[in-house]
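Notes follow once the structure below has been shown.
In our numbering, the protein residues as written are 340 to 631.
Structure representation (C-alpha cells):
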C-alpha cells in the first residue's frame, strides 16, 4: 500500500514466505502485525481460497488507511481535493518549483518535528483527511522524495515531480487497479488490537497466523517515537502465545541469541533465506519459524 519499514510485499522474500505457507483447509488468514499487508497484497500471493482475511495493526493510522482504501474512489477524490483551494497541498497557479518544494517540505517538517500531529483515529469512522496526510508522510519517506535526504536541486533534476499528485501517484495507481482493490475489498476485519488478543480470537485449527513482529534488538527501528511499542518481554509473550496456539503459525525473524530458547528446534520447523540488497551484497538471513 505505502512504503513501510520491514515491508516484504515486492521482494523475493515475499514470494518465498508465501510459498512457505500451508493454506490447505484454512478459513481465516490473520496478521497481528499487518503493517502494509505486503504478503497478502503481493502480486505473487493468492488467498482466494481463504474466506476470511483479518488485518490488525497496533498503529491506528495504518488501520485507517486500509479502512479508507476499501472505498478507493472516495480516497482518490480526497487526494485530489487536498490539492484544490483550501486543501493542504494547494498552491496558487504559477507557483514556481522552488516555492512548491518549500511548501511541501514545510508540511512534512511540521509533522516530522511534532509541530502538528495526525488526528486521533476512531476505527468506526473512515478519516480520509488523516489517511491523505499519513499517506503523504509515508510516501515522502522513501529515498527519491525524502525532504531530509534530498535537497531542492536534486528534486528539480526531474521537474515532473511537481506535477499534481506526483508523490501520490503510486498510491493512486493502486487504488485505481481492480486487482489491487479487489484484495482490499476482501479484508473482512480491520482492528488495532494487541497481538495476543488477535491470536486468542483466532485460536482455531482452520486459522493461519503470520507473525512479522519488530525484530529482536531492532525494535527501535519500528518505533521512531521511542514509546517502547515492543519490548523483550513482548517477544517472550509472543513466543508463549505461539506455543499455545491451535492455529497454523509462521513467524519471521532475523537470528538472535535467544531464538532457540523461545522457539526450540524440537518443536518448530526452521527455514532460512539470504536476503540481498539492491547492490547484490549479502544483507541478512531471514528466518521463518513454523509450527506445522
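Even glycine gets a Cβ: it sits at the ideal position worked out from N, Cα and C.
Handout entry: Burial state of residue 548 (16 or more Cβ within 10 Å)
Key = Numbered from 1 along the chain shown, position 209 holds the residue referred to as residue 548. Counting other Cβ atoms within 10 Å of its Cβ, residue 548 reaches 16 or more and is therefore classed as buried.
Practice task
Whole angstroms is fine: what's the gap from residue 388's alpha carbon to residue 395's?
Solution key: As a first step, residue 388 must be located in the chain shown, where it is residue number 49. As a first step, residue 395 must be located in the chain shown, where it is residue number 56. The alpha-carbon of residue 388 is positioned some 20 Å away from that of residue 395.
Practice task
Could you check the C-alpha separation between residue 466 and residue 451 for me, to the nearest Å?
Solution key: In the chain shown, the residue the question calls residue 466 occupies position 127. In the chain shown, the residue the question calls residue 451 occupies position 112. Spanning the two alpha carbons is a distance of roughly 20 Å.
Handout entry: Beta-carbon separation (whole angstroms), residue 397 vs residue 533, contact threshold 8 Å
Key = Position 58 of the chain shown, counting from 1, holds the residue named residue 397. Position 194 of the chain shown, counting from 1, holds the residue named residue 533. Right, the Cβ-Cβ distance comes to about 7 Å (below 8 Å), so this counts as a contact.
Practice task
Would you list the one or two residues that DSSP bridges to residue 612?
Solution key: Residue mapping note: residue 612 aligns to position 273 of the chain shown, counting from 1. Partner(s): 625.
Problem - Cα-Cα separation between residue 607 and residue 373, rounded to whole angstroms - result: Position 268 of the chain shown holds residue 607. Position 34 of the chain shown holds residue 373. C-alpha separation (whole angstroms): 22 Å.
Problem - Per DSSP, cross-strand counterpart(s) of residue 581 - result: Indexing the chain shown from 1 puts residue 581 at position 242. Per DSSP, none; premise fails for residue 581.
Problem - Spatially closest choice to residue 404 from 382, 391 and 510, by CA coordinates - result: The residue labelled residue 404 in the question sits at position 65 within the chain shown. When each option's Cα is compared against that of residue 404, the closest is 510.
Handout entry: Residue burial classification, residue 423 (beta-carbon count within 10 angstroms, cutoff 16)
Key = To locate residue 423, count along the chain shown from 1; it is residue 84. With a threshold of 16 other beta carbon atoms within 10 Å, residue 423 falls short and is exposed.
Practice task
Identify the continuous beta strand (DSSP E) that holds residue 393 and give its terminal residues.
Solution key: Taking the first residue of the chain shown as position 1, residue 393 is located at position 54. Per DSSP, residue 393 is one residue of the beta strand (DSSP E) stretching across 391-395.
Practice task
Please classify residue 368: does DSSP put it in a helix, a strand, or coil?
Solution key: As a first step, residue 368 is located in the chain shown; it is residue number 29 there, counting from the start. In the three-state DSSP reduction, residue 368 falls in the strand class (E or B).
Problem - Where residue 686 falls, given that 16 or more other Cβ within 10 Å makes a residue buried - result: Lying before the first or after the last residue shown, residue 686 is absent from the chain, which here runs from 340 to 631.
Problem - Sheet register partners of residue 593 (DSSP bridge) - result: Taking the first residue of the chain shown as position 1, residue 593 is located at position 254. According to DSSP, which records beta bridges pairwise, residue 593 is partnered with 625.
Problem - DSSP three-state assignment for residue 570, whether helix, strand or coil - result: As a working mapping, residue 570 is identified with position 231 in the chain shown. It is coil, neither helix nor strand.
Exercise for the section: Would you decide whether residue 627 is buried or exposed? Buried here means 16 or more other CB atoms lie within 10 Å of its CB. Expected result: Here the question's residue 627 lines up with position 288 in the chain shown. Buried.
Handout entry: Cβ neighbours of residue 442 in the same chain (closer than 8 Å, five flanking residues each side left out)
Key = In the chain shown, residue 442 corresponds to position 103, counting from 1. Short of 8 Å from the beta carbon of residue 442, and not among the five residues preceding or following it, lie these beta carbons of its own chain, in chain order: 428, 430 and 434.
Practice task
For residue 371, count neighbouring Cβ atoms within 10 angstroms of its own Cβ and tell me buried if that reaches 16, exposed if not.
Solution key: As a first step, residue 371 must be located in the chain shown, where it is residue number 32. Counting every other CB atom within 10 Å of its CB across the protein chains shown gives residue 371 a total of 16 or more, marking it as buried.
Exercise for the section: Note down the Cα distance separating residue 460 from residue 399, rounded to an integer number of angstroms. Expected result: In the chain shown, the residue the question calls residue 460 occupies position 121. In the chain shown, the residue the question calls residue 399 occupies position 60. The straight-line gap from Cα to Cα measures roughly 6 Å.
Handout entry: Alpha-carbon to alpha-carbon, residue 393 and residue 525
Key = To locate residue 525, count along the chain shown from 1; it is residue 186. To locate residue 393, count along the chain shown from 1; it is residue 54. Rounded to whole angstroms, residue 525 to residue 393 spans 9 Å at the Cα level.
Practice task
Enumerate in chain order the residues of its own chain whose CB-to-CB distance from residue 368 is below 6 Å, with the five nearest sequence positions on each side excluded.
Solution key: Locating residue 368 in the chain shown gives position 29, where the first residue counts as 1. Leaving aside the five residues that flank residue 368 on each side, the residues in its chain whose CB is nearer than 6 Å to its CB run, in chain order, 386, 389, 392 and 547.
Handout entry: residue 587, DSSP secondary structure in three states
Key = Indexing the chain shown from 1 puts residue 587 at position 248. Reduced to three states, the DSSP call for residue 587 is strand.
Practice task
Could you pull out every residue in the same chain whose Cβ sits closer than 6 Å to the Cβ of residue 354, ignoring the five residues on either side in sequence?
Solution key: Position 15 of the chain shown, counted from the first residue, corresponds to residue 354. If the five residues before and after residue 354 are omitted, its C-beta is found closer than 6 Å to the C-beta atoms of 383, all from its own chain and listed in chain order.
Handout entry: Within 8 Å, strictly: CB atoms of residue 380 and residue 478
Key = Walking along the chain shown from the start, residue 380 turns up at place 41. Walking along the chain shown from the start, residue 478 turns up at place 139. Result no, Cβ atoms of residue 380 and residue 478 do not sit closer than 8 Å.
Problem - Nonlocal neighbours in the same chain, by C-beta distance under 6 Å from residue 507, ignoring five residues either side - result: The sequence position of residue 507 within the chain shown is 168, counting from 1. These residues qualify, in order along the chain: 418.
Handout entry: Spatial distance of residue 624 from residue 415 (CA atoms)
Key = For this step, residue 624 is matched to residue 285 along the chain shown. For this step, residue 415 is matched to residue 76 along the chain shown. C-alpha separation (whole angstroms): 38 Å.
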